[in-house]
Amino acid sequence: MAPTILVITMDYKVILARDLASGWYVAEVPSLPGCISQGKTKIAAMKNIKDAIMGYLESIEKHPEEKVFSRQVEIAAVSL
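Residue numbers (our numbering): 43 to 122.
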C-alpha cells in the first residue's frame, strides 16, 4: 500500500497596486510583514509574490529564532 501524501493549501490575501509612474504592479501580503514583490503585469506580479511567499515561509522554517509572526488582516472601507 502506497503512503498517503497530505497536501496543505494556504490562502493569503494580496494587495495588488499599479505604480502609475513606472506602470509596474506591486504585490504585498499584509499578513506576512515585509513580503512584497512586483512585476510588469498583474500575472507576473502574482507569480512573483507566490515565489516571495514560499521564500518567506522557508526562511521562517530555517530560522525560527527570527520568526516574524504573521498577522490577521481585514480589508475595510471608509467613507468621508
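By construction, the Cβ of each residue, glycine as well, lies at the ideal position given by its N, Cα and C atoms.
Bear in mind that the values here come from a model prediction, so they are computed numbers and not experimental data.
Which first and last residues belong to the alpha helix (DSSP H) in which residue 122 is found? Per DSSP, residue 122 belongs to no alpha helix (DSSP H) and is neither H nor E.
Coil, strand or helix - residue 62 by DSSP: coil
DSSP bridge partner residues for residue 56 (one or two, in chain order): Looking at the DSSP assignment, residue 56 forms no beta bridge with any residue, so it has no partner.
Measure how close the beta-carbons of residue 71 and residue 56 come, nearest whole angstrom, since I'm counting them as under 8 Å. 6 Å
Alpha-carbon to alpha-carbon, residue 89 and residue 74: Distance between the alpha carbons of residue 74 and residue 89 is about 17 Å.
Cβ separation of residue 84 and residue 62, assumed to be a contact under 8 Å, to the nearest whole Å: About 15 Å separates the CB atoms of residue 84 and residue 62; that is not less than 8 Å, and the two are not in contact.
If distances are taken between C-alpha atoms only, which option among 54, 66, 91 comes closest to residue 113? For residue 113, the nearest C-alpha among the options comes from 54.
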